Amino acid sequence: MPSPDDAAHPHNAASAVDGSPKEPNHLIAACAFSETERAAVYRAIETRRDVRDQFRSDPLPEDLIRRLLEAAHHAPSVGFMQPWNFILVRQAATRDRVWQAFNQANEEAALMFDAGKRAKYQRLKLEGIRKAPLSICITCDTQRAGPVVLGRTHNPATDVYSTVCAVQNLWLAARAEGVGVGWVSIFHEDAIKTILNIPEHVKIVAWLCVGYVDELYDMPELAVKGWRDRLPLDELIFEEGWQADDKES
Ligand SMILES: Cc1cc2nc3c(=O)[nH]c(=O)nc-3n(C[C@H](O)[C@H](O)[C@H](O)COP(=O)(O)O)c2cc1C
Numbered sequence: 011m012p013s014p015d016d017a018a019h020p021h022n023a024a025s026a027v028d029g030s031p032k033e034p035n036h037l038i039a040a041c042a043f044s045e046t047e048r049a050a051v052y053r054a055i056e057t058r059r060d061v062r063d064q065f066r067s068d069p070l071p072e073d074l075i076r077r078l079l080e081a082a083h084h085a086p087s088v089g090f091m092q093p094w095n096f097i098l099v100r101q102a103a104t105r106d107r108v109w110q111a112f113n114q115a116n117e118e119a120a121l122m123f124d125a126g127k128r129a130k131y132q133r134l135k136l137e138g139i140r141k142a143p144l145s146i147c148i149t150c151d152t153q154r155a156g157p158v159v160l161g162r163t164h165n166p167a168t169d170v171y172s173t174v175c176a177v178q179n180l181w182l183a184a185r186a187e188g189v190g191v192g193w194v195s196i197f198h199e200d201a202i203k204t205i206l207n208i209p210e211h212v213k214i215v216a217w218l219c220v221g222y223v224d225e226l227y228d229m230p231e232l233a234v235k236g237w238r239d240r241l242p243l244d245e246l247i248f249e250e251g252w253q254a255d256d257k258e259s
């Protein structure tokens, strides 16, 4: 079976008409996946979970980590900017320091909720930094493609949006591999930048706790713990324009 990159692939074949070599157009067939393949894609999407506590301690094989990073690196990015870096943090001492930063911010966060919700917040587990054997800090280099980036000219935040796409690719690939991922965002960015020696112009987008899991919740843990439920999709779909009057925001 010729690969799409192969000169023997029908779409890339040299012109036989006048004998001159034809530039490959790189277009390949794009029919729907088979039913089984489609089911696998939707299964990954629907059963992906944010994991805080179900991590096993055994390390992930290097080739598996590489597949996850390849998935992330195939994300869309504004102007093909690819602004991401992936900082792999395995050392327990470093993860301990990051946990301290989380813990301080988490205590501050608890105080931001009114008294009624605070106790409930404090009972939630919101990270697996020390339990998961691997953390991946995913960053966004705001200068990656120079001062003017195609597509980012009118919305500088699109570099961060791109990096979030990379996070989601990794998260879905991890689900398919039996690997759990937990996104931690409760920390002062500067605290983590200091620990990891990250330059000024580089933003931290995600701290991901990563490790094998044997069990996952069948719905978001925040719903299981009574914090917040999934909204009905029908209430979020508008036709032809914003319909604020009868829809809650
Ligand atoms: C940008 C972002 C930041 C998040 N930060 C945290 C976090 O700091 N701690 C945490 O426990 N979960 C965090 N989460 C996970 C969400 O709580 C979780 O995605 C949501 O509750 C839905 O659950 P699910 O991912 O299992 O479907 C974050 C998710 C996103 C997308």
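In this note's numbering, the protein residues as written are 11 to 259. Yeah, the Cβ is synthetic: ideal placement off N, Cα and C, and Gly gets one too. Here the structure is a predicted model, which is why all the values come from computation and not from measurement.
What residues match up with residue i in a beta bridge as DSSP calls it?
| i | result |
| --- | --- |
| ILE97 | CYS147 |
| TYR222 | VAL189 |
| LYS213 | CYS150 |
| VAL194 | TRP217 |
Measuring straight from C-alpha to C-alpha, what distance separates residue i and residue j?
| i | j | result |
| --- | --- | --- |
| ALA17 | VAL88 | At ALA17, the pLDDT of 44 sits below 50, so the modelled position is not reliable; the number obtained from the coordinates is stated separately. Each residue's alpha carbon lies about 30 Å from the other. |
| ALA85 | ASP63 | 27 Å |
| VAL223 | VAL234 | 18 Å |
| ILE247 | PRO230 | 21 Å |
| GLU249 | VAL189 | 38 Å |
| SER13 | ASN95 | Annotation note: pLDDT 46 at SER13 (below 50); position unreliable, coordinate value reported separately. The straight-line gap from Cα to Cα measures roughly 29 Å. |
| GLU187 | LEU74 | 8 Å |
| LYS135 | TRP237 | 12 Å |
| GLN253 | PRO242 | 15 Å |
| GLY161 | GLU199 | 26 Å |
| ARG240 | LYS32 | 52 Å |
| PHE112 | ALA102 | 15 Å |
| ASP244 | ALA216 | 30 Å |
| HIS211 | TRP181 | 25 Å |
| ILE208 | PRO157 | 20 Å |
| GLN92 | ASN165 | 16 Å |
| ALA23 | GLU47 | At ALA23 the pLDDT is 47, less than 50, meaning the model places this residue with poor confidence and gives no usable figure here. |
Return yes when at least one heavy atom of ligand 1 lies under 6 Å from the C-beta of residue i, else no.
| i | result |
| --- | --- |
| PRO230 | yes |
| ILE146 | no |
| TRP193 | yes |
| LEU136 | yes |
| ASP60 | yes |
| ILE196 | yes |
With a Cβ-Cβ cutoff of 7 Å, do residue i and residue j count as a contact?
| i | j | result |
| --- | --- | --- |
| CYS147 | ILE97 | yes |
| PHE220 | ALA115 | As written in the sequence, residue 220 is Val, which differs from the Phe given in the question. Cβ distance not < 7 Å, so VAL220 and ALA115 don't count as in contact. |
| ALA120 | GLN110 | no |
| ARG76 | LEU144 | no |
| ALA81 | ASN179 | yes |
| ILE8 | ARG105 | Within the shown structure, residues of the chain are numbered from 11 to 259, placing residue 8 beyond reach of any answer. |
| ARG66 | LEU226 | no |
| LEU232 | VAL191 | no |
| LEU78 | ALA183 | yes |
Check whether the Cβ of residue i lies closer than 6 Å to any heavy atom of ligand 2, and answer yes or no.
| i | result |
| --- | --- |
| ALA167 | This structure lacks ligand 2; its bound ligands are ligand 1. |
**Prompt:** Going along the chain, which unbroken runs of the beta strand (DSSP E) with 3 or more residues stay wholly within the segment 59-108?
**Reply:** Runs found: 94-99.
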